[in-house]
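Undergrad: Got a structure here, written out as structure tokens. Questions coming.
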Amino acid sequence: MQGFLTALDLTDTGARTDEDIFTGPSQWMPLGRVFGGQVLAQSLVAAMRTVPDERHVHSMHGYFLRPGDVNHPITFSVERIHDGRSFSTRRTQCYQNGLPILSMIASFQDPDEGLEHHIEMPSDIPDPESLPTAQDALKHIDHSVARYWSTERPFDMRHVPSPIYLKVDGEHTSRQAVWMKTFLPMPDDPDLHRAALAYASDYSIMEPIMRRHGIAWSSPGLKVASLDHAMWWHRFGRVDEWLLYVQDSPSAQGGRGLATGSIFTREGVLLATVAQEGMLRLPIILE
Numbered sequence: 004m005q006g007f008l009t010a011l012d013l014t015d016t017g018a019r020t021d022e023d024i025f026t027g028p029s030q031w032m033p034l035g036r037v038f039g040g041q042v043l044a045q046s047l048v049a050a051m052r053t054v055p056d057e058r059h060v061h062s063m064h065g066y067f068l069r070p071g072d073v074n075h076p077i078t079f080s081v082e083r084i085h086d087g088r089s090f091s092t093r094r095t096q097c098y099q100n101g102l103p104i105l106s107m108i109a110s111f112q113d114p115d116e117g118l119e120h121h122i123e124m125p126s127d128i129p130d131p132e133s134l135p136t137a138q139d140a141l142k143h144i145d146h147s148v149a150r151y152w153s154t155e156r157p158f159d160m161r162h163v164p165s166p167i168y169l170k171v172d173g174e175h176t177s178r179q180a181v182w183m184k185t186f187l188p189m190p191d192d193p194d195l196h197r198a199a200l201a202y203a204s205d206y207s208i209m210e211p212i213m214r215r216h217g218i219a220w221s222s223p224g225l226k227v228a229s230l231d232h233a234m235w236w237h238r239f240g241r242v243d244e245w246l247l248y249v250q251d252s253p254s255a256q257g258g259r260g261l262a263t264g265s266i267f268t269r270e271g272v273l274l275a276t277v278a279q280e281g282m283l284r285l286p287i288i289l290e
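Next up, the structure:
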């Protein structure tokens, strides 16, 4: 958990051109590649540092350009594209060794009044306390990835109907849901919770595609890579309280798959909407 918070605590280098420059560490990951959610959250934190405190992010669109290396820090350059009466727009470029690994643009808005509605949370989802943890599913596996997913991630993740770490049980459907929250309490900074939500939104968003085709994370030769990630924040919620991430995949083709997600509070309030396209490749396509 501390490594997660440290990663989001960027350093202002004091360097200025026509951009604001920040640096941040890379969290350790068992396969040596930077977790995409980490870079998304860090790029958002960098952009947040350049807007007024009362102006909050409402949308983000990012493209993953290269895999990051956990052995090197990341540099974030923020371009102040526009500041209007109600909205601000920022572009964050993320670099390692002088090469871009993520390009993100985000929009921020002052609080405002307007029309109000949201979709309803599914009513047939079991409570998170009744579901097995990742540690329950993986505790008998002696592998660095299994150990990380079991005990070292900052978020508690509980799948409905079941996780697909090792196998896909039941119907091969393009829908699933995940209860998630941080294992430990978070600071009260609302923007930190928004960035942490972006972080967690990247964990399982590709899984509806995999579930539809009976592909588990342990499938030999599986290669999965996020290509882009879009997120819209509708309302504020804390990530150290249970949130339900309802996910679906409308299409997969050409070695790519699209997935969408809706994030609700336990009380059924819609907090955010997510969309991501990813690359998924196997030596033999499973059906």
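In the numbering used here, the protein residues as written are 4 to 290. Even for Gly, the Cβ is constructed at its ideal location relative to N, Cα and C.
1) What residue range does the alpha helix (DSSP H) around Ile167 cover?
2) Once DSSP output is grouped into helix, strand and coil, what is the label at Leu43?
3) How long is the line joining the alpha carbons of Pro70 and Gln96, rounded to whole angstroms?
4) Per DSSP, what kind of secondary structure is Tyr206 in: helix, strand or coil?
5) With a Cβ-Cβ cutoff of 8 Å, do Trp1 and Arg156 count as a contact?
6) Would you call Gly117 buried or exposed, if buried means 16 or more other Cβ atoms sit within 10 Å of its Cβ?
7) Where in the stretch 233-290 do unbroken runs of the beta strand (DSSP E), each at least 3 residues long, occur, reported from the N-terminal end onward?
8) Kindly indicate which residue of Gly87, Leu283, Thr136, Val60 has the alpha-carbon position closest to the one of Gly224.
9) Quick check on the burial criterion: 16 or more other C-beta atoms within 10 angstroms. Buried or exposed for Pro190?
10) I'd like to confirm the pairing. Which residues does DSSP put opposite Gln99 in its beta bridges?
11) Leaving aside the five residues before and after Gln138 along the sequence, list all residues of the same chain whose C-beta is less than 8 Å from its C-beta, in chain order.
12) Going straight from the alpha carbon of His121 to that of Leu34, what length do you get?
13) Using the Cα positions of Thr9 and Pro28, report the straight-line distance between them to the nearest angstrom.
14) Going by Cα to Cα distance, which pick from Asp192, Glu119, Glu174, Asp251 is closest to Gly217?
TA: On the basis of the data shown:
1) For Ile167, there is no enclosing alpha helix (DSSP H), as DSSP marks it with neither H nor E.
2) helix
3) 14 Å
4) coil
5) For the chain, the structure presents residues 4 to 290; residue 1 sits outside this window and is missing.
6) With fewer than 16 other Cβ atoms within 10 Å, it is exposed.
7) 246-256, 259-268, 273-284
8) Leu283
9) Pro190 is exposed by the Cβ-count criterion.
10) Leu102
11) Ser153, Thr154
12) 39 Å
13) 8 Å
14) Checked all of Asp192, Glu119, Glu174, Asp251; the closest Cα to Gly217 is Glu174.
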